[in-house]
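**Student:** Protein sequences appear in the order of chains B and C. Mapping to our numbering: the first sequence position 7 is 7, numbers consecutive. Just add 343 to wherever you are in the second sequence, counting from 1, and you've got our numbering. Idealized CB from N, CA, C, for every residue including glycine.
Protein chains: 2
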Amino acid sequence: MKKKKTTIKDIASVLNISAAAVSKALHNDSRISEKTKIAVRQVAENLQYQPNHLASALRSGKSHLVGVIVPRTNSNFFSSVIQNIEEVLNKKGYSIIITQSNESYQKECDSIDTLLYTQVDGIIASMANETVDLSAYEKIKSKGIPLILFDRGENDLNVDYIGIDDYNSSHLIVEHLVENGCKRIAHIGGYKRTRIFNNRIRGYIDALKKHHLPLDDELLTESGLTIEDGRGKMLELLSLDTQPDAVYVAGDYAALGALQVLKEKNIRIPEDIALVGFGNEPFTDMVTPRISSVHQHSAEIGKQAANTFLKYVGQDAIDQQLNKIILNAELIVRDSSNKKTSL
Amino acid sequence: MKKKKTTIKDIASVLNISAAAVSKALHNDSRISEKTKIAVRQVAENLQYQPNHLASALRSGKSHLVGVIVPRTNSNFFSSVIQNIEEVLNKKGYSIIITQSNESYQKECDSIDTLLYTQVDGIIASMANETVDLSAYEKIKSKGIPLILFDRGENDLNVDYIGIDDYNSSHLIVEHLVENGCKRIAHIGGYKRTRIFNNRIRGYIDALKKHHLPLDDELLTESGLTIEDGRGKMLELLSLDTQPDAVYVAGDYAALGALQVLKEKNIRIPEDIALVGFGNEPFTDMVTPRISSVHQHSAEIGKQAANTFLKYVGQDAIDQQLNKIILNAELIVRDSSNKKTSL
DNA sequence: TACATTTGTTTAAACGTTTAAGCAAATATA
DNA sequence: TATATTTGCTTAAACGTTTAAACAAATGTA
Chain B
1 MKKKKTTIKD IASVLNISAA AVSKALHNDS RISEKTKIAV RQVAENLQYQ PNHLASALRS
61 GKSHLVGVIV PRTNSNFFSS VIQNIEEVLN KKGYSIIITQ SNESYQKECD SIDTLLYTQV
121 DGIIASMANE TVDLSAYEKI KSKGIPLILF DRGENDLNVD YIGIDDYNSS HLIVEHLVEN
181 GCKRIAHIGG YKRTRIFNNR IRGYIDALKK HHLPLDDELL TESGLTIEDG RGKMLELLSL
241 DTQPDAVYVA GDYAALGALQ VLKEKNIRIP EDIALVGFGN EPFTDMVTPR ISSVHQHSAE
301 IGKQAANTFL KYVGQDAIDQ QLNKIILNAE LIVRDSSNKK TSL
Chain C
344 MKKKKTTIKD IASVLNISAA AVSKALHNDS RISEKTKIAV RQVAENLQYQ PNHLASALRS
404 GKSHLVGVIV PRTNSNFFSS VIQNIEEVLN KKGYSIIITQ SNESYQKECD SIDTLLYTQV
464 DGIIASMANE TVDLSAYEKI KSKGIPLILF DRGENDLNVD YIGIDDYNSS HLIVEHLVEN
524 GCKRIAHIGG YKRTRIFNNR IRGYIDALKK HHLPLDDELL TESGLTIEDG RGKMLELLSL
584 DTQPDAVYVA GDYAALGALQ VLKEKNIRIP EDIALVGFGN EPFTDMVTPR ISSVHQHSAE
644 IGKQAANTFL KYVGQDAIDQ QLNKIILNAE LIVRDSSNKK TSL
């Protein structure tokens with residue numbers, strides 16, 4: 001009862017030729033006659049032949065599969081990156097296997113094992129927040145397949161990286177807030193151990209200095225940047241003796257939490273406190289007031305990551321270097337921080 | 344320079360035993376001595392042995408890969424379903440390959456081909472809006488691997504299906520609106536050719552009848568349910584001679600578009616017009632006013648889909664039937680339709 | 001006509017596993 | 001002691017491709 005799959009041999013026996021000839025015909029080899037090719041294609045069609053990837057990948061040593069590891073897929077940023085990676089790679093005959101780390105180091109290690117086991121030709125990854133031990137990533141490198149990091153990267157791995165200029169983004173934001181008359185700017189940041197959040201924090205500090213603004217420890221906090229974190233940190237900021245007149249949040253979800261608190265406390269936005277998020281998640285444009293945020297060029301990041309992988313395809317020896325592609329982020333100014341239009 | 348991967352043979356030659364023995368040792372075969380097993384595991388560790396999935400899958404005929412096809416991953420519903428599918432399947436040693444159809448029939452066909460080519464052991468899918476020709480799905484069935492549909496299904500395929508009770512959800516919504524004093528309820532629906540949207544429309548019509556409300560053609564529209572569609576259809580409804588006092592939108596994104604229009608026109612929600620969405624996307628709880636919506640039990644759907652697949656694993660002959668698992672959806676009442684709390 | 005090249009195909013090995021079958025040695029059974 | 005069973009391994013084939021090497025036939029060249 002089990003359905004027998006048609007193989008190259010079945011086609012061969014129908015036409016009384018060798019399996020090798022069939023294989024070559026299907027690959028349009030120049031040494032196969034046009035007549036045979038047409039016949040092979042015809043029979044393949046009739047028998048509903050489906051090439052077996054496992055066999056060809058095993059034989060050729062190329063699986064034409066690329067692993068993609070992201071913290072989660074349900075943020076607009078990551079799903080947009082993925083979509084663009086897929087688009088570029090599909091055109092070149094590659095499929096992608098997506099795995100989510102859920103920000104867990106353990107899950108990330110498992111994912112890497114699964115991907116290596118599946119014999120992917122390369123891995124494109126954005127690291128989990130938790131990840132500090134790089135051995136799992138070293139393992140990828142040791143297998144001799146290309147590893148491309150994006151957004152959440154790590155210099156020490158010495159591989160290609162695509163991301164935005166986080167340090168400079170903070171400058172843009174602080175500058176914008178200063179222009180809007182803010183003088184006491186707080187930062188609800190991510191964990192410093194994650195490079196991108198560290199860069200945002202450094203940028204924040206340096207930008208304050210540049211504009212001769214007070215650098216107050218109590219205005220700078222670290223968290224996981226969930227909605228709840230945003231609420232909690234905002235409440236803390238409000239309980240200070242001197243409240244900030246602007247809050248720059250390193251993630252949109254946390255910015256949303258902060259926004260909720262401000263609204264509940266009937267604090268006017270942006271008049272009393274201006275708010276800027278990071279990531280330009282679609283909801284920042286949906287809530288009231290709309291939240292200013294930083295657009296991360298997710299589509300571009302995805303495309304560049306895919307192209308970087310393709311650069312290595314066909315190379316015998318993969319010798320990767322720390323090669324950073326840094327895109328300029330764009331600040332999207334909306335109601336939550338724009339005092340000028342609300343005049 | 345190319346890095347040589349360690350194989351089972353390398354381990355065998357180190358220990359001076361056969362490759363078969365190594366294979367069995369790694370699979371904990373009872374006919375291999377404990378001593379050998381320990382030695383094998385030790386050497387495997389030392390040589391950084393990574394089993395080759397392609398080879399084992401080819402030989403055993405089981406790839407332990409499951410394909411998942413969704414319209415897109417960036418909705419909360421789909422990413423939650425995926426996450427739960429992955430969770431259940433990972434525990435049983437399966438990995439998933441996710442592909443997005445982007446609501447395109449062509450892309451869906453390509454995805455199916457890629458998945459079959461990759462020799463997945465089964466496919467879990469939610470169909471694209473565009474899809475009417477079922478031949479690509481018939482092809483999956485003809486390969487003798489299980490096909491599980493969720494959310495966007497099709498009876499004619501005679502396979503397992505997991506979804507919510509769309510027809511009844513419409514009843515819940517209409518009932519809720521009637522209880523809130525609404526008498527002229529419009530429906531911004533999806534395309535009737537998609538079964539779930541058809542069911543929502545049928546439910547809407549029948550519920551109106553049940554409550555002896557006018558069934559007015561101009562109150563019932565079809566669209567792709569994007570934000571833009573929601574805006575357009577809402578504007579149409581507002582231009583009617585007698586405006587509705589409630590709008591039931593079959594998708595949250597379109598509901599958001601409708602909400603934007605209502606706010607722009609300074610129409611009070613829910614007093615002048617009550618609004619209900621569908622899908623319980625996180626942003627429905629973020630916007631002002633918060634949008635009432637229907638929770639689709641995405642986690643449960645994912646788990647059930649995965650378990651349904653697992654049911655077929657190990658069966659020689661897959662003989663699928665139209666077997667529907669229908670979950671009860673839950674109406675989450677929020678500000679946009681709740682007149683009682685605003686009294 | 002003799003030799004070289006091109007064309008179209010076949011043969012056979014290989015990719016890294018798994019697994020049925022076989023077999024010798026060790027152990028148990030009578 | 002002779003026979004049966006168990007233990008621990010080996011051998012060899014198979015999974016469905018790809019591909020290097022070989023080769024006969026057809027065609028080109030001198």
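Along chain C, which residues have their Cβ under 7 Å away from the Cβ of B/Y49?
**Tutor:** Residues of chain C passing the Cβ test: none, with the nearest at roughly 11 Å.
**Student:** Using a threshold of 7 Å, is the CB atom of C/F421 nearer than that to any non-hydrogen atom of the ligand NAD?
**Tutor:** Of the ligands one can find in the structure shown there are none, so the ligand NAD has no counterpart to examine.
**Student:** Assuming B/N323 is part of the beta strand (DSSP E), what are its boundary residues?
**Tutor:** 323-327 is the extent of the beta strand (DSSP E) around B/N323.
**Student:** Quick one: is C/P632 buried, meaning 16 or more other Cβ sit within 10 Å of its Cβ, or exposed?
**Tutor:** Result: buried.
**Student:** Quick one: grab the DSSP three-state call for C/T529.
**Tutor:** The sequence as given places Ala at residue 529 of chain C; Thr does not occur at that position. Residue state, collapsed to three classes: strand.
**Student:** Taking DSSP as the reference, what is the three-state secondary structure of C/R677?
**Tutor:** coil
**Student:** Applying a beta-carbon distance threshold of less than 7 Å, which residues of chain B neighbour C/H396?
**Tutor:** Y117, T118, Q119
**Student:** Based on the DSSP secondary-structure assignment, which residues constitute the bridge partners of B/Y248?
**Tutor:** In the DSSP assignment, B/Y248 forms a beta bridge with B/H187, B/V276.
**Student:** Run the CB neighbour count on B/G302, radius 10 Å, all protein chains shown included, and call it buried at 16 or more, exposed below.
**Tutor:** buried
**Student:** Counting only C-beta atoms, is B/S63 closer than 8 Å to chain C at any point?
**Tutor:** yes
**Student:** List the DSSP bridge partners of B/V68.
**Tutor:** B/I98, B/I124
**Student:** Closest to B/V249 by CA distance: which of B/N280, B/I267, B/K263, B/T242 is it?
**Tutor:** B/N280
**Student:** Using a beta-carbon distance below 8 Å, is C/K348 in contact with chain B?
**Tutor:** yes
**Student:** Restricting to runs no shorter than 3 residues, where is the beta strand (DSSP E) found entirely within the region 259-309 of chain B?
**Tutor:** 274-276, 293-295
**Student:** Below 8 Å, can you find three or more Cβ-Cβ pairs linking the region 58-73 of chain B to the region 120-132 of chain B?
**Tutor:** In short, these stretches touch, since the Cβ pair count reaches three.
**Student:** Taking 8 Å as the threshold (beta carbon to beta carbon), is B/A258 in contact with chain C?
**Tutor:** no
**Student:** Taking DSSP as the reference, what is the three-state secondary structure of B/T118?
**Tutor:** coil
**Student:** Under DSSP, the beta strand (DSSP E) around B/L149 begins and ends at which residues?
**Tutor:** 147-150
**Student:** Can you give the Cα-Cα distance for C/L618 and B/E103, rounded to whole angstroms?
**Tutor:** 36 Å
**Student:** In three-state terms, what does DSSP make of B/G163?
**Tutor:** strand
**Student:** Within 8 Å (strictly less), CB to CB, does B/N76 reach chain C?
**Tutor:** yes
**Student:** For B/H207 versus B/M234, is the C-beta spacing smaller than 8 Å?
**Tutor:** A small correction: the amino acid at residue 207 of chain B is Ala; His does not occupy that position in the sequence shown. No; because the gap between Cβ atoms is not below 8 Å, this pair is not in contact.
**Student:** Quick one: is B/P270 buried, meaning 16 or more other Cβ sit within 10 Å of its Cβ, or exposed?
**Tutor:** The residue is buried, with at least 16 neighbouring Cβ atoms inside 10 Å.
**Student:** Taking Cβ-Cβ distances shorter than 9 Å, what residues in chain B pair up with C/V630?
**Tutor:** F283, M286, V287, T288
**Student:** Measure the Cβ-Cβ separation of B/I85 and B/A306 and say whether it is below 8 Å.
**Tutor:** yes
**Student:** Is C/E429 close to chain B, meaning its C-beta is less than 8 Å from at least one C-beta of that chain?
**Tutor:** yes
**Student:** On the criterion of 16 or more Cβ atoms from any shown chain inside 10 Å, does B/V287 qualify as buried, or is it exposed?
**Tutor:** buried
**Student:** Quick check on the burial criterion: 16 or more other C-beta atoms within 10 angstroms. Buried or exposed for B/A299?
**Tutor:** exposed
**Student:** Between the region 479-493 of chain C and the region 551-561 of chain C, can you find at least three pairs of beta-carbon atoms closer than 8 Å?
**Tutor:** no
**Student:** If the cut is a Cβ gap below 7 Å, which residues of chain C does B/T114 touch?
**Tutor:** The contacting residues are S438.
**Student:** Where C/N300 and C/G496 are concerned, what is the direct C-alpha to C-alpha distance, given to the nearest angstrom?
**Tutor:** The requested residue 300 of chain C does not occur in the structure, where chain C is confined to residues 344 to 686.
**Student:** What separation, rounded to the nearest whole angstrom, lies between the Cα atoms of C/A387 and B/I332?
**Tutor:** Rounded to whole angstroms, C/A387 and B/I332 show a C-alpha spacing of 53 Å.
**Student:** Under 8 Å Cβ to Cβ from C/K606, same chain only, skipping five residues before and after it: list those, please.
**Tutor:** I612
**Student:** Near B/A345, what residues of its chain come up, given a Cβ to Cβ distance below 7 Å and the 5 sequence neighbours on each side ignored?
**Tutor:** Outside the displayed span of chain B (1 to 343) sits residue 345 of chain B, for which this structure offers no information.
**Student:** Find the residues of chain B that neighbour C/L401, judging by a C-beta separation of less than 8 Å, and give them in chain order.
**Tutor:** N52, L54, A55, L58
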